[in-house]
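Worksheet: the structure to be examined is printed underneath.
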Amino acid sequence: QDEEYWQKARPYPLSEREQGIYTMVDDFKETTVFKTGFDIANTFITGYYERKDIGVGFGRWARTFVYNETEGFRIQAGFRTMKEFSQLVRFTGTLAYGFRDKTPKWSFSTEFQLNREKTRKLTFAVKKDFEQLGSGTGVFSTQNMFSSILAREHGNMQSMLRKFSAEYDHEWCRMVNQNVKWQTTRMWSNPLVQFNLPGGGILDSFTTNELSTRIRLSASDERVNRGFFKKTYLFSKYPVLTLDLLYGFKGITRDNNYEYWRAGATIEWKVPSTAIGFGKLYVNGGAIFGSVPYPLLKLHEGNQTFFMDKTAFSCMNYYEFASDRWISGYYEHNFNGLVLGKIPLLKKLDLRELATVRVAWGTLTEANRENAPILLNDNTGSLELPYVEAGVGIGNILRLLRVDAFWRLTHRREDGGKNFTLNIGFDLEF
């Protein structure tokens with residue numbers, strides 16, 4: 036709000052001392068030191084170096100230089116328009132090139148903000164780039180300079196995807212939000228992720244057409260931060276339920292011969308504080324009806340980096356397990372310094388004890404085993420025996436970092452695979 040608003044809103048005028056403080060703060064904000072510090076912090080958080088004078092941000096900086104086995108050294112440049120450019124439409128684009136595969140990659144999207152206060156947003160997007168299927172959705176699950184440095188294996192199982200999509204976000208009320216999306220995708224095989232046909236031979240690529248909807252149900256107490264083009268859900272003391280329904284249909288392209296349904300539900304709950312701390316619960320379950328190429332199955336999320344990804348299993352590899360009926364989830368408990376906060380030498384550090392357990396269980400029907408249109412790879416198994424891993428860690432290191440140790444409790448590897456790993460991550464708790 037401007038100064039005129041605050042002059043009218045204040046019940047009493049500012050004293051001379053208070054006015055002096057306001058003036059000092061305003062003057063400090065205009066200093067080079069403050070502006071430089073703010074720009075650095077904003078660039079680190081958003082991923083973009085933003086130029087308000089032209090209304091464009093350049094980035095994402097963490098993906099500028101990347102290394103992986105598929106592309107070799109990769110360079111990427113991108114941009115995103117800001118509210119100073121337009122508060123009604125946002126353009127985002129990237130261009131990348133790998134020096135080993137010598138193939139350009141690109142993406143472009145346009146977002147139309149039809150209503151910000153009660154979300155109405157229309158988005159069109161196109162993309163051709165490598166993606167790691169069967170990875171989590173965390174910040175560091177995609178290729179970036181940090182994962183390049185701390186990766187156990189450097190991205191040799193990525194798949195080239197070309198996507199076209201159109202989606203619409205609609206907020207029916209504060210507690211009910213819905214997304215409707217149409218997407219067509221072409222996926223290419225690679226030497227480690229081959230598309231083996233039942234009768235022999237290898238398929239080079241296949242195409243899918245999908246129409247999906249997602250409904251998010253939350254309580255009325257949920258706090259929301261409404262940005263100009265992104266709405267961030269902050270906190271609710273009650274569970275949040277998300278329902279997903281997807282229909283894959285034939286047609287549009289000649290090589291799309293797959294028809295299937297996919298239904299799922301997710302529960303997320305930030306368990307309120309008690310005398311022994313607070314927790315986070317995440318449970319996801321679903322089913323696929325129909326016979327599909329194995330990349331369209333539920334590929335249980337692996338993590339082959341040393342970065343923490345709460346949406347993935349730390350001791351699981353990519354493509355290690357797949358299901359067409361599944362339930363998985365995790366519970367993480369933060370003891371909020373219950374023990375470390377009572378040790379004199381550690382008390383001032385305000386460290387937090389963490390404990391996590393993650394579980395996945397699933398099955399594969401015959402329609403997606405021997406009768407599948409594209410057969411499973413030899414290194415991909417099913418989860419009739421539940422997969423379980425557990426970890427302990429220390430959080431709030433320097434108010435920002437956490438370090439966790441994880442052990443695989445079931446499906447233990449006897450071939451030198453991961454039965455134990457360390458993760459480092461960023462974790463802000465307020």
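The opening position of the sequence shown corresponds to residue 36 in the working numbering, with each subsequent residue numbered one higher.
Beta carbons are placed, not taken as given, at the ideal position from N, Cα and C, and that holds for glycine.
Local Cβ density within 10 Å of residue i, reported as buried at 16 or more and exposed below that
| i | result |
| --- | --- |
| F108 | exposed |
| R434 | exposed |
| K156 | buried |
| A357 | buried |
| L389 | buried |
| R209 | exposed |
| Q122 | exposed |
| E419 | exposed |
| N150 | exposed |
| G286 | exposed |
| K265 | exposed |
| N371 | buried |
| T309 | exposed |
| E355 | buried |
| W207 | exposed |
| F134 | exposed |
| I237 | exposed |
| T220 | buried |
| F79 | exposed |
| S50 | exposed |
| K453 | buried |
| R98 | buried |
| T398 | exposed |
| P330 | buried |
| I378 | exposed |
| I75 | exposed |
One or two residues paired with residue i in a DSSP bridge
| i | result |
| --- | --- |
| D439 | G428, N458 |
| L420 | Paired residue(s): none; L420 is not in a bridge. |
| S144 | T127, A160 |
| W361 | G321, G397 |
| L276 | L252, I302 |
| K153 | K153 pairs with nothing; no bridge assigned. |
| M195 | F165 |
| G337 | S170, F348 |
| L238 | F230 |
| I110 | F100, Y132 |
| T391 | E367, G426 |
| T219 | F199, N244 |
| A186 | T340 |
CB of residue i within 7 Å of CB of residue j, strictly
| i | j | result |
| --- | --- | --- |
| R443 | E424 | yes |
| L386 | L373 | no |
| L196 | E245 | no |
| T248 | T288 | no |
| N191 | T138 | no |
| Q229 | S200 | no |
| R187 | N212 | no |
| N414 | D359 | no |
| R261 | F270 | no |
| G325 | Y366 | no |
| A254 | Y273 | yes |
| M180 | F263 | no |
| T129 | V91 | no |
| H3 | A395 | Because the chain is modelled from 36 through 465, residue 3 falls outside the range shown and cannot be assessed. |
| T158 | E202 | yes |
| G113 | G82 | no |
| A298 | G320 | no |
| S183 | Y102 | yes |
| N369 | G312 | yes |
| G460 | M343 | yes |
| V161 | F147 | no |
Among the options, nearest to residue i - alpha-carbon criterion
| i | options | result |
| --- | --- | --- |
| T456 | P233, A440, N406 | A440 |
| E119 | Q111, D88, N414, F348 | D88 |
| T145 | D136, K163, R125 | R125 |
| T277 | W304, N291, Y293, K285 | W304 |
| D462 | W141, E85, K315 | K315 |
| P328 | K162, E405, M351 | E405 |
| H205 | S224, K153, F284 | K153 |
| R448 | K382, G416, V427, G428 | G416 |
| A131 | A407, N103, D164 | D164 |
| L227 | T346, K383, G451, N412 | N412 |
| I362 | S349, R393, C350, N352 | R393 |
| N225 | A407, K333, E85, S240 | S240 |
| M531 | G235, T346, E166 | No answer is possible for residue 531: the residues shown for the chain start at 36 and end at 465. |
| G283 | Y422, K216, T127, D450 | K216 |
| T400 | N291, K333, A76 | K333 |
| I110 | G235, K140, V161, N458 | K140 |
Chain D contact for residue i (CB, 7 Å cutoff)
| i | result |
| --- | --- |
| E106 | Chain labels in this structure do not include chain D; a single protein chain is all it has. |
Q: Count the CB pairs spanning the region 157-170 and the region 334-341 that are closer than 8 Å, and state whether there are at least three.
A: yes
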